[in-house]
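The structure appears right after this line, and notes come after that.
Protein chains in written order, with the numbering used here: chain A, 9 to 360; chain B, 9 to 360.
Pasting the structure below:
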């Protein structure tokens, strides 16, 4: 099965599962669920139906395709796939407040329309809805034993996500960040959820623990590649594609991989003065476009962009080797595997 | 068993369960879990151990005592009791931001020390930790069937809490709120969690569904009495006891039961001019101490305080009748029941 065929088949099912999970249960709560529905790209600010960008539903696709590839019934993975996407969207709601980001998918972020207090609470509601959606696995015909394993994996990942977000924010208030700390942070903040998507997919196919681990490591490596790609776009991305201002991560003084790598390089080469100048420029970058320009020049000199692109390629290769290991299991569904592989490859070189 | 004996027995166990659930798993995350530990009353702002006010751990006590009263093993309820307390504390973290409250239990609220972005995320971490703690029921020896029922009850309540918080905040931006809307809001925001505490306690004792329902309705009615008492304290409370400024709910323009009742009275008596004056004074109360004084006078004239005190007494009576129904079950533990009854009664007439 080609990726486009898989998307055509599964995306409407995923979207239906998501809409059912976030449907308004009572007219008095129309505003509450309306904010969720706006955030998901289904309505405008007056809660009228629109076709707005929804995001690519990558995580649920990884979950459902991992289930199929591991020989399971994709229908069994639907509630988990939806839960993972709701969890991801909850974290975006809160991230946009925490990062002071006014735009999400080319539209005003929820907090810019309804304010921070309501948006914190809407995020909490989506967090709760994600757990309730995981709870629907039993009704989808999944045996209790697998429901319980999937729920544990999901719970652990929720906590890991917040640990990653903590590290990310704490990096902003520290002058220096080491490479290994940075990789831990993106593993927790981004890669863990993709790893959980493929892990839970394989779990729900009742794959053996080695195979479940291989799918998880595949997803995690894809997540690392994905996040480093995002770091590249955060500095050198084109606003038209990303919906975010160019060099935004520098203006926000986010310490992403290009900067962390450059700092490590300057340290290794014994250039403390250059390192101090870089940090000072970075501090000034919030309000000074000239400083942003100088930072970009230093990153280029250090070869930061090339390094990051190599990292993306390496994690992608690692991902494919884990997938090849997973594919060794008896009962592997070749069509699902092919679509999953194509999905992973489609993430490299993406523009947004 | 007397209540003080029950507190002496169970509180240290609850506290140990809470500390285990929120222990720092890695030195790099000391700041993240440290913020949780500060909020729980275990450390100061430098993360050094202190004995600060922790709150009364009412919800976990209700859970454990309901389990004992229904004939179960209280040890089986400990993870659920801790999960409920963590959930409650997560909601306080976010509520303090949403309500712009600088104090929590006589100390600076987390957001005033570490800022809003970190506090949103710490709350999310506690939310996730609450689910993980519920997930420990199986390890405590609870059969899978009961774990699953308890998890569902817990998940539903999480979503209900956020619905209640939405209604509460949306009332602030509307001129008028009806009595029945208001009661729905406090049911969702406060009473549901106490009802869930006693419901899950009885569930984990494997009580029959009628008895589980009676414990739930008992807890819910206690929660209603508790919240209306809180509304009374929010306007007529003494700052020394509550840790919050007097008449704070008026200055914050919160529409709590005394105001909602007074509005309903003025409407019923056909006094639109008096109603309009009250609403105008309430709008002005944020910055005008004279307006607060005038609002208090109007509430007194309408008999709002007496009405609220009667409501507290009625819900308390309702709670005791549900408890009497629950006590009819064979296998009821009389000592647990007595302590539970005493705990409910201790909430009436509380000062903070």
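Ideal Cβ placement from N, Cα and C applies to all residues, glycine included.
Every candidate alpha helix (DSSP H) stretch fails here, since none sits fully inside the region 128-161 of chain B while reaching 4 residues. Between the alpha carbons of residue 100/A and residue 232/A lies a gap of roughly 18 angstroms. The CB of residue 340/B never comes closer than 9 angstroms to any CB in chain A; the least such distance is about 30 angstroms. Per DSSP, residue 203/B is one residue of the alpha helix (DSSP H) stretching across 200-212.
A check of alpha carbon separations from residue 81/B across 354/B, 344/B, 351/B, 326/B identifies 344/B as the nearest.
Contact of residue 174/A with chain B is assigned, a C-beta pair being separated by under 7 angstroms. Within the region 295-331 of chain A, the complete alpha helix (DSSP H) segments of 4 residues or longer fall at 297-310, listed in chain order. Counting along the chain, residue 50/B sits inside no alpha helix (DSSP H), nor does DSSP assign it H or E at all. Neighbours of residue 177/A in chain B, taken as residues whose beta carbon is under 8 angstroms from its own, are 125, 126, 129 in chain order. Residue 129/B counts as buried, since no fewer than 16 other beta carbons sit within 10 angstroms of its beta carbon.
In summary, the residues of the region 130-142 of chain B whose CB is separated from some CB of chain A by less than 7 angstroms are 132, 133, 135, 136, 137, 139, 140, in the order they occur in the chain. Secondary structure at residue 111/A: strand, using DSSP grouped into helix, strand and coil. Flagged as an interface residue toward chain A: residue 102/B, by a C-beta distance shorter than 7 angstroms.
By the CB criterion at 7 angstroms, residue 162/A and residue 135/B fall outside the cutoff. Using a CB distance cut-off of 7 angstroms, residue 163/B counts as an interface residue toward chain A. Boundaries of the alpha helix (DSSP H) harbouring residue 270/A: 265-276, taken from the DSSP string. Rounded to the nearest angstrom, the Cβ distance from residue 190/B to residue 207/B is 23 angstroms, too far for a contact under 8 angstroms. Scanning its chain for C-beta atoms nearer than 7 angstroms, with the 5 sequence neighbours on each side dropped, one finds around residue 339/A the residues 79, in chain order. Per DSSP, reduced to three states, the secondary structure at residue 87/A is helical.
The C-alpha of residue 31/A lies about 22 angstroms from the C-alpha of residue 72/A.
Taken through DSSP and simplified to helix, strand or coil, residue 33/B comes out as coil. Here residue 108/B is exposed, its C-beta having fewer than 16 other C-beta atoms within 10 Å. Residue contact with chain B for residue 191/A: absent (no Cβ-Cβ distance below 7 angstroms to any residue of chain B).
If you draw a straight line from the Cα of residue 274/B to the Cα of residue 308/B, it comes to about 13 angstroms. Rounded to the nearest whole angstrom, the CA to CA distance from residue 44/A to residue 103/B is 19 angstroms. Here the region 193-211 of chain A lies against the region 163-174 of chain A, with 3 or more beta-carbon pairs under 8 angstroms apart. The alpha-carbon of residue 313/A is positioned some 18 angstroms away from that of residue 283/A. Under DSSP, the beta-bridge partners assigned to residue 116/A are 111/A. In the structure shown, the three-state DSSP call for residue 57/A is strand.
If you draw a straight line from the Cα of residue 143/B to the Cα of residue 88/A, it is about 17 angstroms long. Counting of Cβ neighbours within 10 angstroms places residue 278/A among the exposed residues, the total staying below 16.
Listed along chain A are 129, 132, 133, 136, each with a C-beta nearer than 7 angstroms to that of residue 170/B. Within 10 angstroms of the beta-carbon of residue 156/A lie 16 or more other beta-carbons, which makes it buried.
Taken through DSSP and simplified to helix, strand or coil, residue 230/A comes out as helix. Residues of chain B with a Cβ closer than 8 angstroms to the Cβ of residue 160/A are, in chain order, 143. Secondary structure of residue 196/B (DSSP, three-state): helix.
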